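In this text, residue positions in the sequence shown follow the UniProt record's numbering: the first is 1, and each later residue adds one.
Presented below is the structure to which this report refers.
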Amino acid sequence: MEANQRIARIAAHLHPSNDQMEGGSVLERANCRAKGGAPGFKVAILGAAGGIGQPLAMLMKMNPLVSVLHLYDVVNAPGVTADISHMDTGAVVRGFLGQPQLDAALTGMDLVIIPAGVPRKPGMTRDDLFKINAGIVRTLCEGITRSCPNAIVNLISNPVNSTVPIAAEVFKKAGTYDPKRLLGVTMLDVVRANTFVAEVLGLDPREVSVPVVGGHAGVTILPLLSQVKPPCSFTKEETEYLTKRIQDGGTEVVQAKAGAGSATLSMAYAAVKFADCCLRGLRGDAGIVECAYVASQGQIQGKPQKTEKVRNTLDHSFGWYAHVTELPFFASQVRLGRGGAEEIYQLGPLNEYERGPKQYKILVEQRIYHLINMTQTGLDWRKPKKSWQQALKREFLS
Numbered sequence: 001m002e003a004n005q006r007i008a009r010i011a012a013h014l015h016p017s018n019d020q021m022e023g024g025s026v027l028e029r030a031n032c033r034a035k036g037g038a039p040g041f042k043v044a045i046l047g048a049a050g051g052i053g054q055p056l057a058m059l060m061k062m063n064p065l066v067s068v069l070h071l072y073d074v075v076n077a078p079g080v081t082a083d084i085s086h087m088d089t090g091a092v093v094r095g096f097l098g099q100p101q102l103d104a105a106l107t108g109m110d111l112v113i114i115p116a117g118v119p120r121k122p123g124m125t126r127d128d129l130f131k132i133n134a135g136i137v138r139t140l141c142e143g144i145t146r147s148c149p150n151a152i153v154n155l156i157s158n159p160v161n162s163t164v165p166i167a168a169e170v171f172k173k174a175g176t177y178d179p180k181r182l183l184g185v186t187m188l189d190v191v192r193a194n195t196f197v198a199e200v201l202g203l204d205p206r207e208v209s210v211p212v213v214g215g216h217a218g219v220t221i222l223p224l225l226s227q228v229k230p231p232c233s234f235t236k237e238e239t240e241y242l243t244k245r246i247q248d249g250g251t252e253v254v255q256a257k258a259g260a261g262s263a264t265l266s267m268a269y270a271a272v273k274f275a276d277c278c279l280r281g282l283r284g285d286a287g288i289v290e291c292a293y294v295a296s297q298g299q300i301q302g303k304p305q306k307t308e309k310v311r312n313t314l315d316h317s318f319g320w321y322a323h324v325t326e327l328p329f330f331a332s333q334v335r336l337g338r339g340g341a342e343e344i345y346q347l348g349p350l351n352e353y354e355r356g357p358k359q360y361k362i363l364v365e366q367r368i369y370h371l372i373n374m375t376q377t378g379l380d381w382r383k384p385k386k387s388w389q390q391a392l393k394r395e396f397l398s
């Protein structure tokens, strides 16, 4: 009898019990310690059996800050869970299959990572993805409002420019919206920028840091090459080449895979890198600054709220309700802490190419117009258009 009980306890992660499915008993963090004996955090991955989800789950299982790892998907979750659970690392893994087990998968989570959705295929734009992935994101976020409304949410599902506003609307409707805790993951743009800039400079990518702002699709992606660390300069040709390649990084992978997939491995790596920053912020580590797609200004029912202007320098952060731009959401550098994105940083001093006057103005106009339209798509999903869209264009581009 004792042996049977021991076996059942070891195998519990493969088949969640009915009381878990009904929101009953769940593993307490105090009873589940990460490697080394230190208390860790509870993390859920929604879409864990997909092309991004599987390597993401494997890498998160290796993170010593994770004590409990919940893997949810509508297909194949038990198999992925069994496979990853054999890794001799500290996190306890549990699998959850299908929408009836969504709430159990999310109960008590500190961090929720969402790579769920259909992958990008050749010829498919991120707008095409939106038509399918919007409903998936809505359903998963509704589960978050019920089971872990205080969790930090890392949203990977594309198009991030539109799915983040969708998630925000779901949280607002439920009365659980905290803009600091909803983070669109744009880390892959930063990872690519670091890699491509390092190639041009002949440096180790681990020694390079490139802030990437704007959005997470095509021309909305703006690497701030004037703020590269270590400080350096680029010719006009190098700037144009690097900007274009960073913007088209996803397309480069889709074409190279010849229709067999999209950027899954590098995306998983970038997502884990960002998730680790969030966990270190939750732990209370100081100075954790990364780029993320976040609410960029105070809002009341989706309408811009005017706030005091602040100095345009990376050395001075500003309050959550001060402007970064006139856009409701914008990828910016943020300081991560126990509350999520506790501070957003101004864009800082921009060079001529990044400011976009004269011959470069059209590039900036394309970025701003396209980003407004993609964000509005998320806000307007199944809703009429907001009257302030044209006003934003006029004010920001004047």
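Glycine residues also receive a C-beta, built at the ideal position from the N, C-alpha and C atoms.
Keep in mind that this is a model prediction, so the values were computed, not measured.
Rounded straight-line distance, which links the Cα of residue j to that of residue i
i, j, result
"R29", "Q333", "Only weak support is given to the placement of R29: the predicted model assigns it a pLDDT of 48, under 50, and the value that follows is read from those uncertain coordinates. Using only the alpha carbons, I get a separation of about 31 Å."
"P78", "H216", "32 Å"
"D380", "S157", "18 Å"
"L102", "E343", "31 Å"
"Y353", "P230", "19 Å"
"D248", "G340", "29 Å"
"L265", "V92", "23 Å"
"V137", "A48", "14 Å"
"L203", "V294", "30 Å"
"A34", "I114", "Model confidence at A34 stands at a pLDDT of 46, short of 50, so the residue's coordinates are unreliable; what they give is reported in the following sentence. Their backbone Cα atoms lie some 22 Å apart in a straight line."
"R335", "S296", "13 Å"
"A44", "E237", "43 Å"
"A174", "Y345", "29 Å"
"P223", "D110", "31 Å"
"L106", "T145", "10 Å"
"E252", "L59", "24 Å"
"G40", "R94", "16 Å"
"G284", "T220", "32 Å"
"H280", "T176", "Strictly speaking, residue 280 in this sequence is Arg, with His absent from that position. Taking the straight line joining both Cα atoms gives about 23 Å."
"L140", "K172", "15 Å"
"L201", "L242", "11 Å"
"I246", "A331", "15 Å"
Status (buried if at least 16 other CB within 10 Å, exposed otherwise) for residue i
i, result
"T235", "exposed"
"G378", "buried"
"H86", "exposed"
"Q54", "buried"
"Q227", "buried"
"Q301", "Residue placement at Q301 cannot be trusted, given a pLDDT of 32 that sits under 50; the coordinates are not used to answer."
"I132", "exposed"
"D189", "buried"
"N31", "With a pLDDT of only 43 at N31, under the threshold of 50, the placement of this residue in the model should not be trusted, and no figure is reported."
"residue 450", "Residue 450 lies beyond the residue range present for the chain, which begins at 1 and ends at 398; the question has no answer from this structure."
"Q376", "buried"
"K244", "exposed"
"Q99", "exposed"
"K42", "buried"
"L392", "Any reading at L392 is ruled out, since the residue's pLDDT is 41, under 50, leaving its predicted position unreliable."
"S233", "exposed"
"S387", "For S387, the pLDDT reaches just 44, beneath the cut-off of 50, and the residue's location in the model is therefore unreliable, leaving the point undetermined."
"E290", "buried"
"P349", "exposed"
"V75", "exposed"
"A271", "buried"
"G123", "exposed"
"A260", "exposed"
Three-state secondary structure assigned by DSSP to residue i
i, result
"F329", "strand"
"L201", "helix"
"G250", "helix"
"A193", "helix"
"Q215", "Just to set this straight, residue 215 is Gly in the shown sequence, not Gln. In the structure shown, G215 sits in coil (DSSP, three-state: anything other than H, G, I, E or B)."
"S233", "coil"
"L225", "helix"
"R206", "helix"
"G339", "coil"
Short CB-CB distance (under 7 Å) between residue i and chain C
i, result
"R283", "Here there is only one protein chain, and chain C is not present."
How about the region 145-155 and the region 55-71: do they share at least three Cβ pairs that are nearer than 8 Å?
-> no
Where in the UniProt domain "Lactate/malate dehydrogenase N-terminal" (42-184) do unbroken runs of the alpha helix (DSSP H), each at least 4 residues long, occur, reported from the N-terminal end onward?
-> 53-61, 77-85, 102-106, 126-147 and 160-174
Contained alpha helix (DSSP H) runs [length at least 4] in the region 254-295, N- to C-terminal order = Counting whole runs of 4 or more residues, the region 254-295 contains the alpha helix (DSSP H) stretches 265-283.
Would you call the region 165-183 and the region 193-208 in contact, with 3 or more CB pairs under 8 Å?
-> no
Flag this pair as touching only if the region 268-286 and the region 196-209 have three or more C-beta atom pairs under 8 Å; answer yes or no.
-> no
Is the region 168-185 touching the region 200-214 in the sense that three or more CB pairs, one from each, lie closer than 8 Å?
-> no
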